[in-house]
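Read top to bottom, the protein sequences are chains A and B. With the first letter of the first sequence counted as 1, position 43 gets the number 43 in this note's numbering; the numbers rise by one all the way through. For any residue, its number in this note's numbering is found by taking its place in the second sequence, counting from 1, and adding 221. Everything below concerns the one structure shown next.
Protein chains: 2
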Amino acid sequence: MNYKWIARTALFRGCTEQDIESICRCLDFGTRSYRRGDVIALSGDTVSDIGLVLSGSVRIENNDIWGNKSILGIVESGGVFAEAYACIPNEPLMVDVIANQDCEILFVNVPKLFQPCDNSCSCHNKLIQNLVIVSARKNLHLTQRIFHTSSKTIRGRLLSYFSQQAAIQGSSKIKIPFDRQQLADYLNVDRSALSKELGKMKKEGLLNYHKNVFELNIHNQ
Amino acid sequence: MNYKWIARTALFRGCTEQDIESICRCLDFGTRSYRRGDVIALSGDTVSDIGLVLSGSVRIENNDIWGNKSILGIVESGGVFAEAYACIPNEPLMVDVIANQDCEILFVNVPKLFQPCDNSCSCHNKLIQNLVIVSARKNLHLTQRIFHTSSKTIRGRLLSYFSQQAAIQGSSKIKIPFDRQQLADYLNVDRSALSKELGKMKKEGLLNYHKNVFELNIHNQ
DNA sequence: ACAATTATGTGGTTAAAACCACAAAATAGA
DNA sequence: TCTATTTTGTGGTTTTAACCACATAATTGT
Numbered sequence: 001m002n003y004k005w006i007a008r009t010a011l012f013r014g015c016t017e018q019d020i021e022s023i024c025r026c027l028d029f030g031t032r033s034y035r036r037g038d039v040i041a042l043s044g045d046t047v048s049d050i051g052l053v054l055s056g057s058v059r060i061e062n063n064d065i066w067g068n069k070s071i072l073g074i075v076e077s078g079g080v081f082a083e084a085y086a087c088i089p090n091e092p093l094m095v096d097v098i099a100n101q102d103c104e105i106l107f108v109n110v111p112k113l114f115q116p117c118d119n120s121c122s123c124h125n126k127l128i129q130n131l132v133i134v135s136a137r138k139n140l141h142l143t144q145r146i147f148h149t150s151s152k153t154i155r156g157r158l159l160s161y162f163s164q165q166a167a168i169q170g171s172s173k174i175k176i177p178f179d180r181q182q183l184a185d186y187l188n189v190d191r192s193a194l195s196k197e198l199g200k201m202k203k204e205g206l207l208n209y210h211k212n213v214f215e216l217n218i219h220n221q
Numbered sequence: 222m223n224y225k226w227i228a229r230t231a232l233f234r235g236c237t238e239q240d241i242e243s244i245c246r247c248l249d250f251g252t253r254s255y256r257r258g259d260v261i262a263l264s265g266d267t268v269s270d271i272g273l274v275l276s277g278s279v280r281i282e283n284n285d286i287w288g289n290k291s292i293l294g295i296v297e298s299g300g301v302f303a304e305a306y307a308c309i310p311n312e313p314l315m316v317d318v319i320a321n322q323d324c325e326i327l328f329v330n331v332p333k334l335f336q337p338c339d340n341s342c343s344c345h346n347k348l349i350q351n352l353v354i355v356s357a358r359k360n361l362h363l364t365q366r367i368f369h370t371s372s373k374t375i376r377g378r379l380l381s382y383f384s385q386q387a388a389i390q391g392s393s394k395i396k397i398p399f400d401r402q403q404l405a406d407y408l409n410v411d412r413s414a415l416s417k418e419l420g421k422m423k424k425e426g427l428l429n430y431h432k433n434v435f436e437l438n439i440h441n442q
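Right, dumping it as structure tokens:
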């Protein structure tokens, strides 16, 4: 395991490689690999582990009783998932976690983390403090996702999402982690209607795109 | 200040009254009162305090550049707000916090909380651990709110919200903290369209209501 | 108790997106 | 390379909710 890389993730930041190695052994954290499309966890499951994405990416989604799919977000490598459920004992998942690409996950057991361990690994408290920040950031992501779906028009939702991505990626040329169907499921709109609106916006000169790379034309208000 | 009551909030649970009294003095936590409608914090502000609602309630909302209002949630007494922003230094608020009723707020300074204090108040670590759980719960609330707005129809959104409330309140007769306009802003729909849909559902025998009290008729499928 | 203000319901119109079907393009697998 | 599969775009139709205007009901403040 690449402890040096793990030490740079938001969850383990501030821990030394030695700390991480010892805490992983001490608290018996394990890794597991998944193939693209594999189910990592299902709605209704109860979990007590945080998933740290070591490589690849996972997708958080929900299928309601009418079969409508809603994508809540993508967790890229270095990010975590299920931390909210892992921190609340016996809280059943409201979402499915799917391997968005082939990926490897490190599972961090929260109950063990919350108990002081025998060897009193030095970065225990640091880890908990990091967990607060990681959870806070996840909060902000969910809030953003709420904003992206609060416009009543498809165009408004696209502009909300694209302009945030442009800000994050520091460029008006952005690459998104979704195909059309997934983007539609993220913005909670119909795929074909989304395709039409994108075509209209391209015709109006608002943006250009090829596959999942979009270039925004800032000027054409 | 009623330390006994504070000791029962999710944030201070597990701390003794003495602990709370000493930590409030030691870390210089302060309270402030607001009148219904007062602005407690505005989008763009940076905060470093968690707001703990001692009495009354606050409303978390957002006004986008086109003037559309979106309500993210209500925080009742005992609950906290702005904790995500307070935990991430210099992160500007994306939302407004408004006094939903006359209310009193205790402000808990997070940077001070994260530094070990001179007197090493005993419940420091407990408080941080509670903060993890409180933040996790807030995550789940935001996820719920996402589900309530993911249906494409107004009826679907209402049923999603009402059935969750029925589960929480343990009854098919539920009281909601919103007037019609606020419910519309919470579900991201037009108020008059919401009113019509409610009328239609009442006519179909799905539910009954008076003001902000709704009674769901479970049977009529 | 009254006036002023705010909240709610309702009709009518319009705009928008959902929905369906299908063709074309791109991709993956053998 | 060829075929099968998946993804994307597009036309046409229908449903739905946004939007506007206004009447009525409820609430607030004096």
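Yeah, the Cβ is synthetic: ideal placement off N, Cα and C, and Gly gets one too.
- For A/R59, the beta-bridge partners assigned by DSSP are A/I74, A/I98.
- Burial is judged here by how many other beta carbons sit within 10 angstroms of a residue's own beta carbon; B/D406 has at least 16 and is buried.
- Within a 10 Å sphere around the beta-carbon of A/V213 sit fewer than 16 other beta-carbons, which makes this residue exposed.
- By a beta-carbon distance limit of 8 Å, A/G37 contacts A/I98. Their separation comes to about 7 Å.
- In this structure A/D96 touches A/L42 by the C-beta definition: roughly 5 Å separates them, less than 8 Å.
- DSSP places A/A41 in the uninterrupted beta strand (DSSP E) bounded by 39-41.
- In the displayed model, B/K394 falls within a strand according to three-state DSSP.
- Bridge pairing for A/C87: absent [DSSP].
- For B/V355, the uninterrupted alpha helix (DSSP H) segment begins and ends at 345-369.
- CA-CA distance, B/Q403 to A/W66, rounds to 26 Å.
- For B/L437, there is no enclosing alpha helix (DSSP H); the residue is part of the beta strand (DSSP E) that begins and ends at 434-437.
- Under the rule that a run must span 3 or more residues, no beta strand (DSSP E) segment is found entirely inside the region 402-429 of chain B.
- Close partners of B/F368 in chain A (Cβ separation under 8 Å): N62, D64, S70, M94.
- Spatial neighbours of A/V47 in its own chain (CB-CB distance under 8 Å, excluding positions within 5 residues in sequence) are listed in chain order as A41, A82, Y85, A86, L93.
- Distance check between A/P111 and each of A/L127, A/F147, A/I105 places A/L127 closest, using alpha-carbon atoms only.
- Within the region 343-368 of chain B, the residues whose Cβ lies closer than 8 Å to any Cβ of chain A are, in chain order, N346, I349, Q350, L352, V353, I354, S356, A357, R358, K359, N360, L361, L363, T364, Q365, R366, I367, F368.
- About 5 Å separates the beta carbon of A/T9 from that of A/G78, a gap short enough to meet the 8 Å contact definition.
- In this structure A/I146 is in contact with B/I367, their Cβ atoms being roughly 6 Å apart against a cut-off of 8 Å.
- Of all residues in the region 179-193 of chain A, only N188 place a beta-carbon less than 7 Å from a beta-carbon of chain B.
- Here the alpha carbons of A/F178 and A/A7 stand approximately 29 Å from one another.
- In this structure, the straight-line span from the alpha carbon of B/H345 to that of B/F335 is close to 8 Å.
- Cβ neighbours of B/D285 within its own chain (closer than 8 Å, five residues either side excluded): S291.
- Under the DSSP definition of a beta bridge, B/P313 partners with B/T267.
- Pairing A/I23 with A/Y3 gives a Cβ-Cβ distance that is not under 8 Å.
- Using a Cβ distance threshold of 8 Å, B/Q365 and B/Q386 do not count as a contacting pair.
- Taking a C-beta distance under 8 Å as the contact criterion, A/F162 and A/L198 do not qualify as a contact pair.
- Annotation: the continuous alpha helix (DSSP H) that includes A/R25 extends over 17-26.
- Around B/S254, the same chain offers D323, C324, E325, I326 as residues with beta carbons nearer than 8 Å, after the five sequence neighbours per side are excluded.
- At least one C-beta of chain A is nearer than 8 Å to the C-beta of B/A305.
- Residue pairing by DSSP places A/T9 in no beta bridge whatsoever.
- Going by DSSP, A/F114 is part of the alpha helix (DSSP H) stretching over 110-114.
- A straight line joining the alpha-carbon of A/L27 with that of A/V108 spans about 8 Å.
- The residues N433, in chain order, have a CB closer than 6 Å to that of B/I397 in the same chain once the five nearest residues on each side in sequence are set aside.
- For B/K373, the secondary structure class from DSSP, reduced to helix, strand or coil, is coil.
- Listed along chain B, the residues sitting closer than 7 Å to A/F114 by beta-carbon distance are Q350.
- Under the 8 Å criterion on CB atoms, A/I98 is classed as non-interfacial with respect to chain B.
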